[in-house]
Structure formats: structure tokens, C-alpha cells
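Adding 28 to a residue's 1-based position in the sequence shown gives its number in my numbering.
Just so you know, even glycine gets a beta-carbon here, dropped at the ideal spot from N, CA and C.
Just so we're clear, the structure is a prediction, and the values are computed from it rather than from any experiment.
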Amino acid sequence: MIHEILIVGPLQCNCSILGDETSREAIVVDPGDNISRIVSTLEKHHLTVKQIIVTHAHIDHIAGAQRLKQLTGAPILYNQNDLPLVKMMDIQAAWLGIPTPEVAPPDASLEDGQVISIAGLTGSILHTPGHTEGSVCLYLPRQSLVLAGDTLFSGSVGRTDLPGGDSRKLIQSIHNSLLTLPDEVTVIPGHGPKTSIGFERESNTFLQ
């Protein structure tokens, strides 16, 4: 598997490009900004985007999705429970002092257990509400990898003081959906360095 992580936007969101070396099909996760860099990386690997996945509808994760769709034709997928956040994108932009990006409802909603598949690459959606109502993670069992959005970080967890946040739900989601994964699974958070399920299970003080 081709896996490129690009740090995009003013809040340094981890955008993942997941591609299959044989089919050259790709999934882009959380294209929050810097779409030209994302497109250049896709072109470098001769990849064609088949799906755009947004882990949650905070501006730093979704702001570039519509632009990437316009350039590639790929559908945008995120959980419909985050539509209220999309409707207040102007307010989110004002928090950061940036122009309001073009956003839209998802082409399809991501639901818990849903299979995400391109030629040569298959994963499943874990619905992990808490950071937002619609937060999801993408788990790739064959690659022993989970893209955790802003649900779980290295040594920390997602903040819950923004609209849609719920600290009880967040901890419950992590315990029920993420800590049930094998210890060796690598975690790519929405921001910051990667970690592993086993390391967070043993050492993350927020989860004790």
C-alpha cells in the first residue's frame, strides 16, 4: 500500500493518501487544505482518487474536500450527524479568521461497520462520536492501521468543548471501538505523531 501523510492547513491536520500499487486507485482522508500539494502527491504516484473520506466536519478536516471533488470527481463521504457543523462553516471560519470554504452535504453518509473498498484496499468505518456526533475512524485490518481523526491522539484524546462534543461519549467510543483493536495496530491521529493501540491502552492517562 502507498500511504502518504501530508500535514495541511493552519491547524496542521494529518491528511492521508491511501493508494494501491497495482490498481493505482486511491482514497484521500481529511483533505483539509493545501489541495495543490495533495494533487501533486497523487500525480507523483499516478493515483486516481475514488473516494474522499472526512473523519468529521471541523473546518481543518473538511475545508478542501469540495475542491478535491471538483478536480477528481470522487464522492465525499462523512457521517450525516455532522451536518450541523457543516451548516455553521462560516462560524468555524471566523474562529480561525479565514475565508469560509465551499462545503456540501456528503454524497453518502458513513455508518458504523460500513465497508470502504477500492481495488486492492479494504477497510471499515468505526463510528466514534464524542469529538463530534459524526466522528468516524477508518480501520484497515490487513495493514494493521487505523486513521483515528480527532478521536484518539498520542497520549491524549479529542477535545469535547466545541459544538457536538461530549466527553462521556468520546471515552466510551475509544473503549468500545478502538481499544478493542489489536495492540499492534498503528494509529494515525488527525494531528500530531502516530502511535499504537497497545501504547495508548497502557499509557494514555485519559483512558485509565
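### Query
At what residues does the alpha helix (DSSP H) containing K115 begin and finish?
111 to 115
### Message
What does the alpha-carbon distance come out to for the pair L113 and L105?
### Response
15 Å
### Query
So what's L75 in DSSP terms, helix, strand or just coil?
coil
### Query
Touching or not, the segment 51 to 70 and the segment 188 to 196, by the rule of three or more beta carbon pairs under 8 Å?
no
### Query
Measuring CB to CB, does M117 end up less than 8 Å from P134?
no
### Query
Alpha carbon to alpha carbon, what distance is there between L209 and T150?
16 Å
### Query
Cα separation between T156 and L166?
10 Å
### Nearest residue (CA-CA) to S231, options D211, H219, G218
D211
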